[in-house]
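Worksheet for the structure shown next.
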Amino acid sequence: MMEETIRQTVRLRARDRCEYCLLRQEHEPTCPLHIDHIIAIKHQGTGTLENLALACGVCNRAKGTNVAGIDPDSGELTRLYHPRKDVWDEHFLRDGALILGRTAIGRTTVWVLQMNIAPRVELRTLLQKLGELD
34 MMEETIRQTV RLRARDRCEY CLLRQEHEPT CPLHIDHIIA IKHQGTGTLE NLALACGVCN
94 RAKGTNVAGI DPDSGELTRL YHPRKDVWDE HFLRDGALIL GRTAIGRTTV WVLQMNIAPR
154 VELRTLLQKL GELD
C-alpha cells in the first residue's frame, strides 16, 4: 500500500492535475485523480516518486500497463510520454479543445490514452468557454 506522504507529494508536484491531459481535479470533482505507475510494476517499474504521476481516471484506465503504442502516423512502435523525463509542451499542443501530438511520442500517447474521445473534447470545450482551461 502506498504511503500517504507519497500520495500527497505526487499531488502537490502535479498541482492537482492530470500529468497527461492536464485536466485539474476540480474539473472532475466526483472522480478522484489516480496515482499512476508510469512504468507498471509488471514491467519492472517501482513505487518511487520518479515513477509516479497523477492521472485522471480516463487517462489512467486507457494507459493501463502500456509503456508504448503504435504511432498513428508512422505505424512505428513508440514509447509513451513519461511525465518525469519529458516536457509536455515538446510533445503536445492544444488546438481548441483538442490535444494534438507534436512528436511520435505525443501522437502515440494521445491515441493510446484516448485524450480526444468525445466526452473529453466536450469537457475541454466547456472549460474553454468558461475560461477555465489554461
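Converting from the sequence shown to this note's numbering requires adding 33 to each position, the first position being numbered 1. Here a beta-carbon is modelled for each residue, glycine too, at the ideal position from N, C-alpha and C.
{"Item": "Residue 79: first and last residue of the uninterrupted beta strand (DSSP E) it sits in", "Value": "Neither: residue 79 is in no beta strand (DSSP E) and is coded neither H nor E."}
{"Item": "Status (buried if at least 16 other CB within 10 Å, exposed otherwise) for residue 76", "Value": "exposed"}
{"Item": "Chain B contact for residue 132 (CB, 9 Å cutoff)", "Value": "Of the chains in the structure shown, none is chain B; there is only one protein chain."}
{"Item": "Helix, strand or coil at residue 112 according to DSSP, with G and I counted as helix", "Value": "strand"}
{"Item": "Residue 87 (DSSP reduced to helix, strand or coil)", "Value": "strand"}
{"Item": "Whole-angstrom C-beta distance between residue 52 and residue 116, which should lie under 8 Å", "Value": "4 Å"}
{"Item": "Selected residue, minimal CA-CA separation from residue 131, among 49, 48, 46, 54", "Value": "54"}
{"Item": "DSSP beta-bridge partners of residue 67", "Value": "88"}
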